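Colleague: So the sequence shown is residues 8 to 442, counted in this note's numbering. Got a structure for you, questions after.
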Amino acid sequence: MKITIIGTGYVGLTSGTCFAEVGHEVTCVDNNPEKVATLLAGQVPIYEPGLEELVKQNVAAGRLKFTTSTEEGVKNGEVIFIAVPTPPQPDGSVDLSFIEKVAREIAQCLTPELGYRVIVDKSTVPVKTGDKVEQTVRRYAPAGVEFGVVSNPEFLREGCAVDDLLHPDRVVIGSNDDRALAFMQKIYEPFVAPVLVTDINSAELIKHAANSFLALKISYINAVANICEASGADVEKVAEGIGMDKRIGRSFLNAGLGYGGSCFPKDIKAFIHISESLGQPFGLLKEVEKINYDQLDRFLNKIREKLWVFREKKIALWGLAFKQNTDDVRESVAIKLAQKMLGEGASIRATDPEAIETAKKFGELKGDITYHTDLYETLDGADALVIATEWPAFAKIDLTEIKKRMRTPLVFDGRNLLDPKDAKAAELEYISIGR
Ligand code: UGA
Numbered sequence: 008m009k010i011t012i013i014g015t016g017y018v019g020l021t022s023g024t025c026f027a028e029v030g031h032e033v034t035c036v037d038n039n040p041e042k043v044a045t046l047l048a049g050q051v052p053i054y055e056p057g058l059e060e061l062v063k064q065n066v067a068a069g070r071l072k073f074t075t076s077t078e079e080g081v082k083n084g085e086v087i088f089i090a091v092p093t094p095p096q097p098d099g100s101v102d103l104s105f106i107e108k109v110a111r112e113i114a115q116c117l118t119p120e121l122g123y124r125v126i127v128d129k130s131t132v133p134v135k136t137g138d139k140v141e142q143t144v145r146r147y148a149p150a151g152v153e154f155g156v157v158s159n160p161e162f163l164r165e166g167c168a169v170d171d172l173l174h175p176d177r178v179v180i181g182s183n184d185d186r187a188l189a190f191m192q193k194i195y196e197p198f199v200a201p202v203l204v205t206d207i208n209s210a211e212l213i214k215h216a217a218n219s220f221l222a223l224k225i226s227y228i229n230a231v232a233n234i235c236e237a238s239g240a241d242v243e244k245v246a247e248g249i250g251m252d253k254r255i256g257r258s259f260l261n262a263g264l265g266y267g268g269s270c271f272p273k274d275i276k277a278f279i280h281i282s283e284s285l286g287q288p289f290g291l292l293k294e295v296e297k298i299n300y301d302q303l304d305r306f307l308n309k310i311r312e313k314l315w316v317f318r319e320k321k322i323a324l325w326g327l328a329f330k331q332n333t334d335d336v337r338e339s340v341a342i343k344l345a346q347k348m349l350g351e352g353a354s355i356r357a358t359d360p361e362a363i364e365t366a367k368k369f370g371e372l373k374g375d376i377t378y379h380t381d382l383y384e385t386l387d388g389a390d391a392l393v394i395a396t397e398w399p400a401f402a403k404i405d406l407t408e409i410k411k412r413m414r415t416p417l418v419f420d421g422r423n424l425l426d427p428k429d430a431k432a433a434e435l436e437y438i439s440i441g442r
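Following this line, the structure appears as structure tokens:
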């Protein structure tokens, strides 16, 4: 199939590349000429395992092209995906201006001679956005143009995006147009995944409902973790025990500092806003959010309780990314934690396997902070070690070295990466979540 993707962010670039990988002819459009030049040179502007090799291979095979021209994209692609950002607004609602702009641009490039086109929304959008896209394209396209509109939400996770795209749990395709659905089914034919066909509103809603449910699992286990702490139970065992029930499942029951990233915080807010605007307030999700944000303060209080004051304290901070296997620091709980500790006068020596440069560029960390690529170096003379991101490498650390290098061997593990028994054996004072 001939596919065009408009927007080469996380979702656009990885899905475009994976569509090319399974044999489709893909044109990726981005309005940022520097980004397009970087991609044409075979470089990928984000850290995502396996992506750069796939981009190079598919560009070399002639299946993947990059351009700044929407006109070229609309000409090349019989199916045109919109994968532009849908950022949050201060009131929690979603800013759909990029979607609206792209819909207009596509409309203005359509001609009756091009033939039928399918316009697919892949960005995370509120329910009923498809209707708006359809109206906008209809209004701005020349008379006689034929097109269908589809919602095809993306469920990839950063850090394992390529694998998620090539081997999805499911593909959701929503449209009220049978012709458009047939095109979409052909696109997904090479993927071994169940395809769920729905109307357009249901497809849009599935994305927000899925992300909110996953966030709910995280807040649920964090609330349970707090009860474990108060009662002397172990949240890891509780998560294991409830997760063995197939109806519940063990995944997304890792207690810790809560969820961050560019999706969950924004999407949960958006779903709360959408439900309110539809006259169906979703109080449960408000509680999910509250538990999530309280989790950081609780953890900070645990550190404060031990250190008493942050001023003149050296803190080794492990983790800057919002989760493992990514260099993304957007809405990272680690960054928020660091901001609070710096604000109270601590000096921080931070490390992260991939996110040091993005954290520096992000520019949100001001104060006495230095960055180190060597984990052990951060520990020299430190008053406390704070683990804030669940990188597997942190769990493999030599605990005796921690004890040797720190001024006071106080370890705050915000992601339950270490084994409390091992920490005790290494004579560390170890504080984690719900254990
Ligand atoms: C999430 C969803 O998992 C994807 O399915 C979805 O496509 C994506 O949002 C999106 O909407 O684009 P992502 O934000 O990349 O993916 O990362 P997750 O792996 O879901 O982790 C989100 C946050 O939850 C991280 O901060 C992570 O540390 C936290 N988390 C995750 C926990 O605290 N506990 C867990 O058990 C799992």
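We put the CB at the ideal spot given by N, CA and C, even for glycine. These numbers come from a predicted model, not from an experiment.
Does the separation of the CB atoms of Ala210 and Val179 fall below 7 Å?
Modeller: Yes.
Colleague: Can you find a heavy atom of the ligand UGA that lies under 6 Å from the Cβ of Arg442?
Modeller: Not so, every heavy atom of the ligand UGA lies at least 6 Å from the Cβ.
Colleague: According to DSSP, which residues form a beta bridge with Gly155?
Modeller: DSSP lists Val125 as partners of Gly155.
Colleague: Report the three-state DSSP secondary structure of Asp304 (helix, strand or coil).
Modeller: Residue state, collapsed to three classes: helix.
Colleague: Check the C-beta distance from Ser323 over to Pro133 and give it rounded, since I have them as a contact under 8 Å.
Modeller: First, the residue type needs correcting, since residue 323 is Ala and not Ser in the sequence shown. 42 Å between Cβ atoms; not a contact.
Colleague: How far does the alpha helix (DSSP H) with Arg145 in it extend, from its first residue to its last?
Modeller: That run of the alpha helix (DSSP H) goes 136 to 147.
Colleague: Under 6 Å Cβ to Cβ from Pro92, same chain only, skipping five residues before and after it: list those, please.
Modeller: Around Pro92: Phe105.
Colleague: What separation, rounded to the nearest whole angstrom, lies between the Cα atoms of Cys35 and Lys72?
Modeller: The alpha-carbon atoms of Cys35 and Lys72 are separated by roughly 6 Å.
Colleague: Within 10 angstroms of the Cβ of Trp315, are there 16 or more other Cβ atoms? Answer buried if so, exposed if not.
Modeller: It counts as exposed.
Colleague: For Cys167, which of helix, strand or coil comes out of DSSP?
Modeller: Here Cys167 sits in coil by DSSP.
Colleague: Among Gln302, Arg412, Ala114, Lys129, which one has its Cα closest to the Cα of Tyr123?
Modeller: With distances taken between Cα atoms, Tyr123 lies closest to Ala114.
Colleague: Unbroken alpha helix (DSSP H) runs of length 4 or more, entirely within the segment 304 to 358: which are they?
Modeller: Correct list: 340 to 350.
Colleague: If contact is defined by three or more beta carbon pairs under 8 Å, each pair taking one atom from either stretch, is the segment 53 to 60 in contact with the segment 333 to 350?
Modeller: With the cut-off at 8 Å, the segment 333 to 350 and the segment 53 to 60 touch.
Colleague: Measure the C-alpha to C-alpha separation of Val156 and Met251 and round it to an integer number of angstroms.
Modeller: C-alpha separation (whole angstroms): 41 Å.
Colleague: On a Cα-Cα basis, can you pick out the residue from Thr75, Asp98, Pro95, Lys135 that is closest to Glu7?
Modeller: With the chain represented from 8 up to 442, any question about residue 7 goes unanswered, as that position is not in the structure.
Colleague: Considering just the uninterrupted stretch of the alpha helix (DSSP H) at Arg250, what are its terminal residues?
Modeller: Here residue 250 is Gly; the residue named in the question, Arg, does not match the sequence. Gly250 -> alpha helix (DSSP H) spans 242 to 250.
Colleague: Please confirm whether any heavy atom of the ligand UGA lies closer than 6 Å to the CB of Ile225.
Modeller: Answer for Ile225: yes, Cβ within range of the ligand UGA.
Colleague: Taking all protein chains shown into account, decide if Ser284 is buried (16 or more other Cβ within 10 angstroms of its Cβ) or exposed.
Modeller: Exposed, since its Cβ has fewer than 16 Cβ neighbours within 10 Å.
Colleague: Let me confirm a value: Leu58 is counted as buried when at least 16 other C-beta atoms fall within 10 Å, else exposed. Which label applies?
Modeller: Flag for Leu58 reads buried.
Colleague: Start and end of the alpha helix (DSSP H) containing Cys35?
Modeller: Run containing Cys35: none in the alpha helix (DSSP H); it sits in the beta strand (DSSP E), 32 to 36.
Colleague: Quick one, are the C-beta atoms of Thr11 and Gly80 less than 7 Å apart?
Modeller: Closer than 7 Å, so yes.
Colleague: Output the distance between the C-alpha atoms of His379 and Glu364, rounded to the nearest integer angstrom.
Modeller: Going from the Cα of His379 to the Cα of Glu364 covers about 11 Å.
Colleague: Please classify Ala168 as buried or exposed, where buried requires at least 16 other C-beta atoms within 10 Å of its C-beta.
Modeller: Answer is buried; the Cβ neighbour count reaches 16.
Colleague: From what residue to what residue does the alpha helix (DSSP H) around Glu60 run?
Modeller: Per DSSP, Glu60 belongs to the alpha helix (DSSP H) from 58 to 67.
Colleague: Decide yes or no for the touch test of the segment 188 to 199 against the segment 223 to 240: beta carbon pairs closer than 8 Å, at least 3 of them.
Modeller: Touching, no, given that fewer than three Cβ pairs across the two stretches are closer than 8 Å.
Colleague: Using the Cα positions of Phe419 and Ala148, report the straight-line distance between them to the nearest angstrom.
Modeller: C-alpha separation (whole angstroms): 58 Å.
Colleague: Give the single residue among Asp390, Lys431, Ala402, Gly370 whose Cα lies nearest to the Cα of Arg414.
Modeller: Nearest of Asp390, Lys431, Ala402, Gly370 to Arg414, Cα basis: Asp390.
Colleague: Return yes when the C-beta of Cys25 is under 6 Å from any heavy atom of the ligand UGA, and no when it is not.
Modeller: Not so, every heavy atom of the ligand UGA lies at least 6 Å from the Cβ.
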